[in-house]
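Asks:
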Ligand code: AMP
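Residue numbers (this note's numbering): 119 to 533.
What follows is the structure, encoded as C-alpha cells:
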C-alpha cells in the first residue's frame, strides 16, 4: 500500500479526509479544544511543503438539515488558519466545489463545508425496502465519486471514522488507484501507538479504566485481562463492583443488572493473575451538584443518602504507586466527576501519575474523550507518550484488539 512518507505531492491536488469534529464554545462559537486540528497538521504540511494543494473535508456534529449554521465548518476556519499558519479558502457546499478546486494553486488549502449536510456521507438506508436501500447506496457512490473528482490523490487521516463505510472514507477510496490513496500521518501514528500497547507492551502493563458505566467498557476490560498485569478501576463503575462484593454504596451510581458481570470480571482477573485495584476511599456528595457538601468514607461504607463522586487520598496514593511502577499504561475514563471542581482532584492526580510514569520511561497511551480532556486540562499533553484523538476510541480499541491480536504484522499491512 502507498505510504504517505515517500509520496511526492508536487503539482497534485490531494483531498484529505480529516476529523475536524471539534468542540465549540457554546457562547463564543470558538473552537474550545483544537487537538484534532493539530493532529492533522503533519499530513497537511507535508502536502503543502511538497508543492501540492490540499482539499480538506470533514464532518462536524450531527446536523439534521442542509445547511445548518450551527454545524458549519466556517466557524472553525480561524482555528485552522492559526494552526496551519496561512489563510485558507472555503466552499459552502461540498458538492459544488468544481470552480474553486479548478482555481486551487500549489501551496493552497481549500476547506469543504460539513460533509454531513448530505445524508449520503453516512449512507444510511433511508427506507425499509431493499430498492430504497439500493438507491441510497447508489446515491452514496455518486456523492463519493463527486468528492473524488476534485483530486488526484486521496489521503485518509480521520481515525475516528476510518472504520466506517462512509462516503468520504471507504467509498471514495474506490475511485483512486492503489498508488494514489493512502493513510495520513495521524492514522499511521495512532495505529503504531495501539500496536505498541497491544503487541509490544513492556511489563508491568497497567490499564486504568474509569468513567460512568461498567456496561460501556466491559468488552475492553475483558479483552485487557489477557494482556495486563494490573487493572485499576475508578469512576462511577467502581460502585457496581463494590455493591457486587456486598459493600454499602449509598446513592452512588450502580448498574444493578451488572452485579454478576462485575463478579465474573473479578473472578476471571484472578484466574488470569491480573491484580485488580478498586478504590478504597472516596469523596462523597450529598447531591449531584458542583456545590454539594462532601465527606470522605471507605468506598464500601458509603453512608445512606451520599454518593461517591471522586477517589480520595488513600486511593490516589495506591493508584499512583501502581502507575509509577508500570512500564506500559493505558488510561481510559476519569476517576470521578471531574467536570465539577470539587470532584476533579482524583482524575488530575492520576493524570500527573501517568505523566510521572512517562518521565520514568513508561509508554503511556491516553484514549477516550474525557481522559484526553483531563490530560489537556492539566497541561500534560506533551508529558505522556500518546494521546489518541478519536472519540470512538473504545470501539476502535476493541475492534483493533480483536482484529490484530497476536499478529504484529497486520497493523503494518493495514497501513
Ligand atoms: P465515560 O464516557 O464512560 O468515560 O464516562 C465519563 C463520565 O463519567 C464523566 O462525565 C464523569 O463525570 C462520569 N463519572 C466519573 N465518575 C463518576 C462517579 N463516581 N459517579 C458518577 N459519574 C461519574
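Think of the CB as a built atom: it goes at the ideal place given N, C-alpha and C, for glycine as much as any other residue.
Apply the 10 Å Cβ neighbour rule to residue 121 and answer buried if 16 or more other Cβ atoms are within range, or exposed otherwise.
Replies: With fewer than 16 Cβ atoms within 10 Å of its Cβ, residue 121 is classed as exposed.
Asks: Could you check the C-alpha separation between residue 532 and residue 124 for me, to the nearest Å?
Replies: Note that residue 532 scores a pLDDT of 33, beneath 50, so its modelled location is shaky; the value from the coordinates is reported in the next line. Looking at the two C-alpha atoms, the distance is approximately 17 Å.
Asks: Between the Cα of residue 351 and the Cα atoms of 309, 364, 156, 336, which residue gives the shortest distance?
Replies: Comparing Cα positions, the closest option is 336.
Asks: If you draw a straight line from the C-alpha of residue 260 to the C-alpha of residue 215, how long is it?
Replies: C-alpha separation (whole angstroms): 15 Å.
Asks: Is the beta carbon of residue 300 less than 7 Å from the beta carbon of residue 230?
Replies: Going by C-beta atoms, residue 300 is not nearer than 7 Å to residue 230.
Asks: In three-state DSSP terms, what is residue 346?
Replies: Three-state DSSP puts residue 346 in coil, outside helix and strand.
Asks: Buried or exposed for residue 373, please, with buried defined as at least 16 other CB atoms from any protein chain shown within 10 angstroms of its CB.
Replies: Residue 373 should be labelled buried.
Asks: For ligand 3, any of its heavy atoms closer than 6 Å to the Cβ of residue 407?
Replies: Judged by which ligands are present, ligand 3 is missing from the structure shown, whose ligands are ligand 1.
Asks: Taking residue 455 as part of the beta strand (DSSP E), name the residues at either end of that continuous run.
Replies: Looking at the DSSP string, residue 455 is not in any beta strand (DSSP E), and its letter there is neither H nor E.
Asks: Spatial neighbours of residue 412 within its chain, please: C-beta separation below 7 Å, excluding the five flanking residues on both sides.
Replies: Excluding sequence neighbours, residue 412 sits near 401, 402, 403, 460.
Asks: Nearest CA to the CA of residue 324: which residue from 218, 478, 482, 204?
Replies: Selected option, being the one with the closest Cα: 482.
Asks: Is residue 374 helix, strand or coil when you go by DSSP?
Replies: In this structure, residue 374 counts as helix in the three-state DSSP scheme.
Asks: Here's a check: name, in chain order, each residue in its chain whose Cβ is nearer than 7 Å to the Cβ of residue 218, leaving out the five neighbours to either side.
Replies: The residues are 207, 209, 228.
Asks: In three-state terms, what does DSSP make of residue 131?
Replies: In this structure, residue 131 counts as strand in the three-state DSSP scheme.
Asks: Please confirm whether residue 275 and residue 302 have their CB atoms less than 7 Å apart.
Replies: Yes, Cβ-Cβ distance for residue 275 and residue 302 is below 7 Å.
Asks: Should residue 258 be labelled buried (16 or more other beta-carbon atoms within 10 Å of its own) or exposed?
Replies: Its Cβ being crowded by 16 or more others within 10 Å, residue 258 is buried.
Asks: Report yes if the CB atom of residue 136 is closer than 7 Å to the CB atom of residue 158, and no otherwise.
Replies: In this structure, residue 158 lies closer than 7 Å to residue 136 by Cβ.
Asks: When burial is assigned at 16 or more other CB atoms within 10 Å of the CB, is residue 348 buried or exposed?
Replies: Classification of residue 348: buried, given that the 10 Å Cβ count is 16 or more.
Asks: Mind checking which residues open and close the alpha helix (DSSP H) that includes residue 472?
Replies: From DSSP, the alpha helix (DSSP H) with residue 472 extends over 463-477.
Asks: Quick check on DSSP: helix, strand or coil for residue 120?
Replies: The answer is coil: DSSP assigns residue 120 none of H, G, I, E or B.
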